[in-house]
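The sequence shown begins at 184 in our numbering and counts up one residue at a time.
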Amino acid sequence: MKVFISWSKPLSHSVAQLFAEWLPKVIQECRGPYVSSDTDKGEAWFQAITTELRESKIGVVFITSQNVHEEWIHLEAGAIYAALDKRLLPILVNIKKADYDGPLRNIQMTELADKTDMLKLVKSINKACDVPLEASVLESTFDTFWPHLQTSIEAVIAKQPPVGPVKKRTMDDKIDEILLQLRGLNQATSTGITAGSKAAQRKAMAKEREQLIREFEAVHGGRFVVDAVGAVVGEIVNVSVDGERIRVRAIDKSAEPQMTTMRVSDMRFSEVPF
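Okay, here's the thing in structure tokens:
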């Protein structure tokens, strides 16, 4: 059974390679897991992962303090999640579950440093096999090979440059730029423009507003908006601005998707639709 392994940045890559070498020793059916390449994200990348995903039954993604805010690692995770019918297993390296606040937070996480947690993950992989190992055999094999993986990963982590605690992406971090632009636009409207006619003023403001909308779409177009409890409420496909409100199209399976209006300060973004 092929397992698709995703990574980003040096630490994640090293851990992914160690895991790819270790897994077949524990579950022999998982020979030759696919470790994603560092191909530039584009058509070649999409074709490569599409081909590999067709042959894979389960996906593993390694999240570290180095890549926790990298957009494309979550893009690849989203592709795995969709292609493999939600059989995606995120593994946190040098991060605690309580400290992760990314778009995969609604999926069951595994902490690499937690042996019990890793055994649960291996059991999940085993269940997806065509011929799963018996529980007693799996646990015995896991116990045999776990110390080697643990020691190897600790050595890799020790060689990494020290990093500070993972900075949680607050609402302000995510929308700071757009809020500043909106406030600047509102300030210009309220103070007025001393020179020129009212018609020229309206034309200038309309042009600035249009530029703001296009910049917002360029940055956030295609992203998903989630509410305060983490539920996806819409995908940004086109944007209109009303004060500090952004209009987004709600995800709806009906023929005529509903529109949802949210304040910018209430918006949280996700690169994947879950």
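Don't be surprised by glycine CBs; every beta carbon is placed ideally from N, CA and C.
TODO: Can you tell me which of the three DSSP states residue 217 falls into?
DONE: Residue 217: strand per DSSP, three-state reduction.
Open item on the list: Which of the three DSSP states is assigned to residue 272 in this structure?
Closed with: Strand.
Task: Anticipated Cβ contact below 8 Å, residue 188 with residue 243, distance rounded - done: With a Cβ gap of about 5 Å, residue 188 and residue 243 count as contacting.
- [ ] For residue 241, name the three-state secondary structure that DSSP assigns.
- [x] Strand, per DSSP.
Task: For residue 339, the first and last residue of its enclosing beta strand (DSSP E) - done: Looking at the DSSP string, residue 339 is not in any beta strand (DSSP E); the run it does join, the alpha helix (DSSP H), is 318-342.
Open item on the list: Under DSSP, the beta strand (DSSP E) around residue 185 begins and ends at which residues?
Closed with: Note, residue 185: beta strand (DSSP E), 185-189.
TODO: Over the uninterrupted beta strand (DSSP E) stretch that includes residue 409, give me the two end residues.
DONE: First-last of the beta strand (DSSP E) with residue 409: 407-409.
Open item on the list: I believe residue 190 touches residue 218 by the beta-carbon criterion, under 8 Å. Please report the beta-carbon distance rounded to the nearest angstrom.
Closed with: Rounded to the nearest angstrom, the Cβ distance from residue 190 to residue 218 is 7 Å, consistent with a contact under 8 Å.
Task: Beta-carbon separation (whole angstroms), residue 209 vs residue 328, contact threshold 8 Å - done: About 5 Å separates the two Cβ atoms, so the contact holds.
Open item on the list: Which residues does DSSP list as the beta-bridge partners of residue 415?
Closed with: Partner residues in the beta bridge of residue 415, as assigned by DSSP, are 409.
Task: Per-residue DSSP class, three states only, for residue 294 - done: Residue state, collapsed to three classes: strand.
Open item on the list: Please tell me whether residue 195 and residue 245 are closer than 8 Å, where the distance is taken between their beta carbons.
Closed with: Residue 195 places its beta carbon less than 8 Å from that of residue 245.
Task: Backbone CA spacing between residue 288 and residue 314 [nearest angstrom] - done: Straight-line Cα distance between these residues: approximately 31 Å.
TODO: Leaving aside the five residues before and after residue 335 along the sequence, list all residues of the same chain whose C-beta is less than 7 Å from its C-beta, in chain order.
DONE: Excluding positions up to five away in sequence, the list reads 201.
Task: Buried versus exposed, by CB contacts within 10 Å (16 or more), residue 214 - done: Label assigned to residue 214: exposed.
TODO: Measure the C-alpha to C-alpha separation of residue 273 and residue 232 and round it to an integer number of angstroms.
DONE: Cα to Cα, the separation comes out at about 17 Å.
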